[in-house]
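One gets the working numbering by counting positions in the sequence shown from 1 and adding 259 to each.
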Amino acid sequence: MAVAVDAARQLHLLLILSDSALPIGSFAYSSGLESCVAHSPQTAIDEFLLHSVDSLCHTTVPLLRAAYATPQESSSLDDLFDANTPCEVARRASAAQGRALLKLLDRCLCPGKSSDELTVYKTAISQKKAFGHFGVCYGLVGKLLRVEIDQLVYTFVQSHVKAVLSAAVRLSLLGPYEMTELLASSTTHDLILDCISRTREILPDDICQTHPLLDIYQGRHALLYSRIFNA
260 MAVAVDAARQ LHLLLILSDS ALPIGSFAYS SGLESCVAHS PQTAIDEFLL
310 HSVDSLCHTT VPLLRAAYAT PQESSSLDDL FDANTPCEVA RRASAAQGRA
360 LLKLLDRCLC PGKSSDELTV YKTAISQKKA FGHFGVCYGL VGKLLRVEID
410 QLVYTFVQSH VKAVLSAAVR LSLLGPYEMT ELLASSTTHD LILDCISRTR
460 EILPDDICQT HPLLDIYQGR HALLYSRIFN A
């Protein structure tokens, strides 16, 4: 019976983490889609999504896994992500979401509960010795909530997909039904599983940007004449 309760609790927490209404500010970011559309209007949304998910799994997911497995190394992992992300806009968006997630953990998900490693990491952030990047924070939160790592990773990547597709709707690239159809399709499901599978063994020191144009698009976002997203 205890195992069933644990599984139900994990599902409950994963559904919360995957909620697009989670107050961590993801609705304010398009992951470079808005800038991409402005600079390359011919880009198809499914093509952008493929590159975006592949990039996420090569740059962020390995650090999420590492933070989950070795939470005592969180500050070093955080610094590694920052050093490997040349785009200031992407770094700022990642840190904003990561810090918001930690605040949500303290206020709502596990009020009054922490771990030694998480406390040290939050202290480093408050002292400006760490940045609070999203992937590292997500791994730490999942560890504290005792969510199984593979389910945590899938939820993280799928949430990214939903955020990109939601941005596509607000940019009038897709309608709500088209977005839901694409999100529910076997193509999108297979894309997520394939990218996760191919990057499962990537170590933190081996993270890399697989689609450099994403950094360029995000870096030029602030130069857009008009925009509705922060990044």
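Using N, Cα and C, we set each Cβ at its ideal position, and we do this for glycine too. As the structure is a computational prediction, the values presented were derived from the model and not from experiment.
query, result
"Measure how close the beta-carbons of Phe-307 and Gln-356 come, nearest whole angstrom, since I'm counting them as under 8 Å.", "Not a contact, Cβ separation roughly 20 Å."
"Please classify His-392: does DSSP put it in a helix, a strand, or coil?", "coil"
"Taking the straight line between their C-alpha atoms, what separation do you get for Leu-368 and Arg-351?", "24 Å"
"Is there a C-beta anywhere in chain B that falls below 8 Å from the one on Asn-489?", "No chain B appears in this structure, which consists of one protein chain only."
"In three-state DSSP terms, what is Val-264?", "Confidence at Val-264 is low in this model, with a pLDDT of 44, below 50, so the placement of that residue should be treated as unreliable; the coordinate-derived value is given next. Helix at Val-264."
"Using 8 Å as the cut-off, can you tell me whether the stretch 417-431 makes contact with the stretch 277-296, which would need three or more C-beta pairs spanning the two stretches below that distance?", "yes"
"Check whether the stretch 373-392 and the stretch 318-338 are in contact - that is, three or more C-beta pairs closer than 8 Å.", "yes"
"From Asp-453 to Thr-446, what does the alpha carbon distance come to, in whole angstroms?", "10 Å"
"In its own chain, which residues sit with a C-beta less than 7 Å from the C-beta of Cys-346, not counting the 5 before and 5 after it?", "Asp-474, Gln-477, Gly-478"
"Between Arg-324 and Cys-316, what straight-line distance do the alpha-carbon atoms span, to the nearest angstrom?", "11 Å"
"Give the straight-line distance between the Cα atoms of Cys-295 and Val-412, rounded to the nearest whole angstrom.", "26 Å"
"Starting from the Cα of Cys-396, find the closest Cα among Ser-385, Gln-417, Glu-437, Pro-330 and give me that residue.", "Pro-330"
"Evaluate Val-262 with the Cβ neighbour count: other Cβ atoms within 10 Å of its Cβ, from every protein chain shown; 16 or more gives buried, anything less gives exposed.", "Residue placement at Val-262 is poorly supported in this model, since its pLDDT is 42, which falls under 50; the coordinates are not used for a value here."
"Quick test of your reading: Leu-450 and Val-312, contact by CB under 8 Å. State the CB separation rounded to the nearest angstrom.", "6 Å"
"Based on Cα-Cα distance, which residue from Phe-390, Thr-414, Ala-389 lies nearest to Leu-274?", "Thr-414"
"Is DSSP giving Lys-387 helix, strand or coil here?", "coil"
"Near Arg-384, what residues of its chain come up, given a Cβ to Cβ distance below 6 Å and the 5 sequence neighbours on each side ignored?", "The sequence shown places Ile at residue 384, rather than the Arg named in the question. Hits under 6 Å: Gly-391."
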